[in-house]
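Data first, discussion second: the structure below is written as C-alpha cells.
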Ligand code: F6P
C-alpha cells in the first residue's frame, strides 16, 4: 500500500466515525476497552475514549508502515544521519544504553565521570544549593524531572534559572549563599544569549571564587574553557544529542546531584526499557507508535489543532512545558525532508497543567466550549505518600473528567436530575441548555503504577518516540529547529538599540515600541 492510499483509508474511516457519538461506540461494542488499550508491564494506554475503532486503528497502523516508520526507526537506531538538514545522527538512546554510540564517543566513561562528580558534591556536604543555568532543552528536562522526583531528591536543593529577565536570577539567588552554591552552566552550544548572560551574572555574584564553584555541561569545550571553568568541572556530550533530547546526558548533572547516581541510572534504565520496546514490538502493539497514530488521527483526521496534556500528578506539573518543547520544536514544521511543502497539518499545540488544578481553570472550555480539544491524561495508581485518601480523590477526578468528556450529560438526564432535586419545570427549562454537556470529546489515559525514576524515564522516552513516529508520518525532520533562529538574530540587532540608545531602523511598529520604551524608561 502507498502512503496516499493509506491516508485515503484513514480519511474514509474518519468520515464514517465523525458523526458517531462516543456513547454509541461504547454501547455497540462492550469489548471496546479490551481492544483499545495496550500495556507494557505496569504502563497502560487506554484509547477507548478516542473517536476511533479497531478498523480505523488498523488503517493508521498501515499508514505508519506505508510511510516507512520501521525503516526510519531502524536507521535512527543504527546511527544514520537522519537529521539531514544538520547532517547529524539522532542517538540520544545511546545515552541510556538503548542504542550503540558512534565508535570513539565514550558515553559510559562520561556518564561515570559526571555521576562521580555528582556523588562527590553530595558526599562532601559543603554545597547546599545547585543552580542550573540553561534554557530550552538545557533546562526543561532536568527542571521537570527534579520536580517529578522530589521524594528522591535528598541532595542539595536544586534551582533552575532560564530566563534572561534578570528577575529570574535575582529571585533565585536572593536567599542563597554563594560560598555554598554550585552553579552549573548548561548549554549545548555555550553561545545561547540567555544562558551566557545569566552565567556572567552568576560569575559576578559568586565573586573571586567563581571558578571553583562553577561547572559546565556542553559540547563546546573550548567555550567552557574560555569562560573560565576548569576542565575538571566540564562535562561534555555530543552533537548527535539534540538539545530537547539531552536530559539523559551530562545536561542531567543537576538532577544527578539531587537524586544521586543510582536513581539517575534507574531513570536511564526506564528510558532504555522503552527504547527496547519501541525497537522490537510490532507496530500494532508498539506504545509510541500507537500514541503517535492516535495523535495523527486527532490532528489530521478529526482536525483538532491542540492537545491538552493533564497530569493528575502534582509532581508532573512541568511535564506539559517539557513535552511542549519536545513536541512543538520537533514537529512544528511545514517543509518536508525532501524540501517540499507538507500537504497535511503537522505538530499540534501542546499545553497543559496538573489536575485537579486544571479543572478549576480551563476545563470549562474543554467540556462546553466550541472547539474539540483532545486530552492526554497521565496518572499513577499509587502515590509516593502514605495517604491513600488523597490519592483516591485525585484519581476519581481524573477518571471522572475523561468520563464527562466522552459521555457528557444529555438534556434528558439534566432535566431528570433537576426534577429529582426539586427544581420547578420553569427552572428546568431555563437551565437545561446551560447544564447539558455535549460529550463526544476524545481523551487518552496513560496510567502507570507509581512515579519513580524508572517510570519517569520510560514515560519521557514514550513521548520522545511518539514525536519521532509523527515526524516520520508527516515527513518532516523532527531534529532541527531553524524556526527559532530568525528571532534570535533580530534580537541581536535590537540589543544596541535598547541597551545603548542606538537609533532604531526597523519597521514602524517596532520603532514606535522602541520610542515608547525610551519614553517610559525616563525618570518621571
Ligand atoms: O530554542 C532553541 C534552542 O536551540 C533549543 O533547541 C535548545 O534546547 C535551546 O535553544 C538551548 O540551547 P543551548 O543548550 O545550546 O544553550
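In our numbering, the protein residues as written are 67 to 590.
Backbone N, C-alpha and C define an ideal beta-carbon position, used for all residues, glycine too.
It should be emphasised that the depicted structure is a prediction, and the values quoted were computed from it without experimental measurement.
Reduced DSSP category for residue i - H, G, I as helix; E, B as strand; rest coil
| i | result |
| --- | --- |
| residue 189 | helix |
| residue 407 | strand |
| residue 352 | coil |
| residue 175 | helix |
| residue 542 | coil |
| residue 196 | strand |
| residue 253 | coil |
| residue 480 | helix |
| residue 569 | coil |
| residue 103 | strand |
| residue 295 | coil |
| residue 455 | helix |
| residue 277 | helix |
| residue 514 | strand |
| residue 416 | strand |
| residue 201 | coil |
| residue 312 | coil |
Closest Cα partner of residue i within the set the options
| i | options | result |
| --- | --- | --- |
| residue 369 | 84, 70 and 69 | 84 |
| residue 394 | 329, 203, 146 and 74 | 203 |
| residue 450 | 549, 236, 515 and 444 | 515 |
| residue 387 | 260, 206 and 399 | 206 |
| residue 549 | 390, 520, 488 and 397 | 397 |
| residue 178 | 316, 224 and 553 | 316 |
| residue 470 | 79, 89 and 364 | 89 |
| residue 416 | 435, 404, 440 and 408 | 440 |
| residue 107 | 500, 353, 433 and 509 | 353 |
| residue 245 | 291, 234, 191 and 219 | 191 |
| residue 536 | 422, 366 and 211 | 366 |
| residue 267 | 297, 231, 427 and 284 | 231 |
| residue 279 | 214, 343, 233 and 194 | 194 |
| residue 508 | 430, 115, 288 and 77 | 115 |
| residue 132 | 285, 238 and 359 | 359 |
| residue 355 | 208, 430, 125 and 584 | 125 |
| residue 216 | 383, 269 and 240 | 383 |
| residue 420 | 444, 434 and 562 | 444 |
| residue 218 | 229, 137 and 323 | 323 |
| residue 429 | 461, 400, 503 and 412 | 503 |
| residue 311 | 547, 554 and 555 | 547 |
Boundaries (first-last residue) of the alpha helix (DSSP H) holding residue i
| i | result |
| --- | --- |
| residue 388 | 385 to 390 |
| residue 280 | Counting along the chain, residue 280 falls outside any alpha helix (DSSP H), though it belongs to the beta strand (DSSP E) covering 280 to 284. |
| residue 577 | 574 to 587 |
| residue 563 | 551 to 566 |
| residue 441 | Taken as a continuous stretch (DSSP letters only), residue 441 belongs to no alpha helix (DSSP H), being part of the beta strand (DSSP E) at 441 to 446. |
| residue 271 | 259 to 272 |
| residue 75 | 69 to 83 |
| residue 424 | Residue 424 -> no alpha helix (DSSP H), and no H or E assigned at all. |
| residue 307 | Taken as a continuous stretch (DSSP letters only), residue 307 belongs to no alpha helix (DSSP H), as it is neither H nor E. |
| residue 341 | 327 to 346 |
| residue 112 | Careful: residue 112 lies outside any alpha helix (DSSP H), inside the beta strand (DSSP E) at 109 to 112. |
| residue 239 | 232 to 239 |
| residue 492 | 491 to 501 |
Any non-hydrogen atom of the ligand F6P closer than 7 Å to residue i Cβ
| i | result |
| --- | --- |
| residue 176 | no |
| residue 591 | Here the chain has residues from 67 to 590 only, and residue 591 is not among them. |
| residue 450 | no |
| residue 315 | no |
| residue 151 | no |
| residue 550 | yes |
| residue 200 | yes |
| residue 154 | no |
| residue 253 | yes |
| residue 204 | yes |
| residue 502 | no |
| residue 384 | no |
| residue 302 | no |
| residue 163 | no |
| residue 277 | no |
| residue 381 | no |
| residue 309 | yes |
Segment limits, beta strand (DSSP E) that includes residue i
| i | result |
| --- | --- |
| residue 133 | It is not in any beta strand (DSSP E) - residue 133 carries neither H nor E in the DSSP assignment. |
| residue 301 | 300 to 302 |
| residue 26 | Residue 26 falls outside the range modelled here, since the chain spans only 67 to 590, and no answer is possible. |
| residue 373 | 372 to 378 |
| residue 156 | No beta strand (DSSP E) holds residue 156; DSSP gives it neither H nor E. |
| residue 87 | That residue, residue 87, is in no beta strand (DSSP E); it is neither H nor E in DSSP. |
| residue 224 | 223 to 227 |
Cutoff 8 Å: residue i Cβ touching any chain B Cβ
| i | result |
| --- | --- |
| residue 365 | You won't find chain B in this structure, because it holds only one protein chain. |
Any non-hydrogen atom of the ligand FAD within 7 Å of residue i CB
| i | result |
| --- | --- |
| residue 258 | Judged by which ligands are present, the ligand FAD is missing from the structure shown, whose ligands are the ligand F6P. |
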